[in-house]
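One structure is given below, encoded as structure tokens.
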Amino acid sequence: MTKAFAGVQALRGVDLQVLPGEVHCILGQNGAGKSTLIKTLAGVHRPDEGEILWMGESVDIPTPEAALELGIATMYQELDVVDGLTIAENIFLGHELARGGFTRRSEAAARTRELLKRLGHGRLSPHTEVGRLSAANKQIVSMARALSHDIKLIIMDEPSAVLDAEEVKNLFGVVRELTAAGIAVIYITHRLEEIRQIGDRITVLKDGRSTASGLPVAETPTRELITRMTGREVENVFPPAVPVPGEAPVVLEVEDLGLAGVFRDVSFSVRAGEIVGLAGLVGSGRSEILETVYGARRATAGTVRVGGRPLRRGSVVSAVSAGVGLSPEERKSQGLVLDEPIFVNVTLSSMSRFAKAGFLDERAERRAAEEQIAALELRPADPDRPAMTLSGGNQQKILLARWLVHGTRVLLLDEPTRGVDVGARAEIYGLIRRLAAAGNAIVIVSSEIEEVLGLADTVLVVADGQVLTTLPASQIDEHGVLDLVMKGTAA
65 MTKAFAGVQA
75 LRGVDLQVLP
85 GEVHCILGQN
95 GAGKSTLIKT
105 LAGVHRPDEG
115 EILWMGESVD
125 IPTPEAALEL
135 GIATMYQELD
145 VVDGLTIAEN
155 IFLGHELARG
165 GFTRRSEAAA
175 RTRELLKRLG
185 HGRLSPHTEV
195 GRLSAANKQI
205 VSMARALSHD
215 IKLIIMDEPS
225 AVLDAEEVKN
235 LFGVVRELTA
245 AGIAVIYITH
255 RLEEIRQIGD
265 RITVLKDGRS
275 TASGLPVAET
285 PTRELITRMT
295 GREVENVFPP
305 AVPVPGEAPV
315 VLEVEDLGLA
325 GVFRDVSFSV
335 RAGEIVGLAG
345 LVGSGRSEIL
355 ETVYGARRAT
365 AGTVRVGGRP
375 LRRGSVVSAV
385 SAGVGLSPEE
395 RKSQGLVLDE
405 PIFVNVTLSS
415 MSRFAKAGFL
425 DERAERRAAE
435 EQIAALELRP
445 ADPDRPAMTL
455 SGGNQQKILL
465 ARWLVHGTRV
475 LLLDEPTRGV
485 DVGARAEIYG
495 LIRRLAAAGN
505 AIVIVSSEIE
515 EVLGLADTVL
525 VVADGQVLTT
535 LPASQIDEHG
545 VLDLVMKGTA
555 A
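Taking the working numbering, the leading residue of the sequence shown gets 65, the next gets one more, and so forth.
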């Protein structure tokens, strides 16, 4: 399979064979060609060269509808649900249950309940508007929509990225149920440990080529997979911690912060050069805490201070003016203007700095962006390149560059490595540590407890909207966090 876009060769000759009833994992760094490959199979793109054999016969897949007719359904990493519609309307969007020109809403609701129960989310109502759901529950809706078709192959792109441990367990149960029925699954993930749990064979992509096709999971060492992905050996370790000086001033203070119905009595402080991590399951209130500190949500109790000065509740302007920056969980929908070039995204929060007599000084914007592009080693180093064309790791660097240009001293990082490959993760870990060493106060949220413990100096364990304990990261491990979370949730 080959495919090029405007002179950029996305696929350079990829071979892939998927068998009935197997979980075939596709690995590769961001930019390796995984998304282009699955979109070609899903009918979004048409290959320039190569052949697709389906059930032994050569086929053309010109549209997503044609893919579904063949029995190929795709769940994309970027959530493709419609917020203004209900769960049932989303699941049957495009293949509505109708008779005589009228939609059979009761039947749609009943089938939706069956699908949600199958996915371990029977508590969700088919009539709930999707816009009110968390990112994790939106992923469940996307999964249910794929399963609502008569499928022979389902492609799952990072399906576990926003799921907690229990939801991942439910996901794996559904995958095994599908494969037991002879349905094939293409599973894309950056989490190598998941492949060991759910995969049968692996195809590895690098620079648009398949460097290995059909490797048996049980017999292939992790080191070999990483080397095939990156072309080099990458140790999956965190950079060494730099001790926070005892005299370092407190930059961020959060005191008895609360958001009615979500979390309560949250207190912590962050000194210059310190990294504080919030560990807990999806839905525990971690992201909402960050958003409330940032002013994107209006606190119903408590105080946030930066440099000793309180911020106005529910005011992003107050937070940004005080030097607080947020890198949100959904960077593409909440953080970036994807159609705009890199330099515009980098300077977006500092417009006043580049304004003269009511007009933006574009040359000054570019210079500032280019400094950060070089400092953060953003690739490709082209300030005019649209943000949408960059890998996940480089998009994350854009958000960091934005706040560095602004002169931010408090960085709130929500899922900073979500959807980022193993090589880019190591770069981002090193970058976060360097930012802390430069005197920034950093708060990090991650669904991967190992990541929180590996980066943070201090860890807050959060469950059901409250902080269960605050400890130095060196005094707790992943099992300890999960034990506290489970006890706190049960209580």
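Even glycine gets a Cβ: it sits at the ideal position worked out from N, Cα and C.
Restricted to the stretch 73 to 119, the beta strand (DSSP E) segments that are unbroken, complete and at least 3 residues in length are 87 to 91 and 116 to 118, listed in chain order.
According to DSSP, Val314 shares a beta bridge with Arg335. With fewer than 16 other Cβ atoms from the protein chains shown falling within 10 Å of its own Cβ, Phe69 counts as exposed. Counting C-beta atoms within 10 angstroms of its own C-beta, Ser391 has 16 or more neighbours from the protein chains shown and is therefore classed as buried.
With contact defined as three or more Cβ pairs closer than 8 Å, the stretch 217 to 224 and the stretch 134 to 144 are in contact. A direct Cα-to-Cα measurement between Leu535 and Ala174 gives close to 47 Å. According to DSSP, residue pairing for Gly389 in a beta bridge involves Leu475.
The alpha-carbon separation between Ile262 and Ser122 amounts to approximately 29 Å. The straight-line gap separating the alpha-carbon atoms of Val334 and Leu316 is approximately 5 Å.
In this structure, the beta-carbon distance from Ala527 to Gly344 falls below 8 Å. Under the DSSP assignment, Val238 falls outside any beta strand (DSSP E), being part of the alpha helix (DSSP H) whose first and last residues are Ala229 to Ala244.
Annotated as proximal: Asn234 and Gly184, with beta-carbon spacing under 8 Å. Counting only runs of 4+ residues, the alpha helix (DSSP H) found wholly inside the stretch 258 to 304 occupies 286 to 294, in chain order. Nearest Cα to Asp403 within the set Gly85, Pro450 and Glu171: Pro450.
For the 8 Å CB-CB criterion, Val326 and Gly359 do not form a contact. Relative to the Cα of Val226, the nearest Cα in the group His213, His254 and Ile215 belongs to His254. Fewer than three beta-carbon pairs drawn from the stretch 276 to 294 and the stretch 510 to 522 are found closer than 8 Å, and the two stretches are therefore not classed as touching. A distance below 8 Å separates the beta carbons of Val205 and Val145. The Cβ atoms of Gly337 and Pro309 sit closer than 8 Å to each other. One alpha carbon belongs to Ala131, the other to Ile259, and they sit about 26 Å apart. Spatial neighbours of Leu442 in its own chain (CB-CB distance under 6 Å, excluding positions within 5 residues in sequence) are listed in chain order as Asn458 and Lys461. Spanning the alpha carbons of Val469 and Ala244 requires a straight line of approximately 53 Å. For Gly518, no beta strand (DSSP E) run applies; the uninterrupted alpha helix (DSSP H) run containing it begins and ends at Ile513 to Leu519, by DSSP. In terms of CA proximity to Arg498, Val306 leads the group Thr100, Arg350 and Val306. Residue Ile506 holds the alpha-carbon nearest to the alpha-carbon of Asp478 among Glu241, Ile506 and Gln203. In this structure Gly246 is exposed. Its beta-carbon is surrounded by fewer than 16 other beta-carbon atoms within 10 angstroms. Less than 8 Å divides the Cβ of Arg377 from the Cβ of Arg362.
Our two residues, Ala428 and Asn504, have alpha carbons roughly 25 Å apart in a direct line. The shortest C-alpha to C-alpha distance from Val410 to any of Glu434, Gly387 and Ala96 is the one to Glu434.
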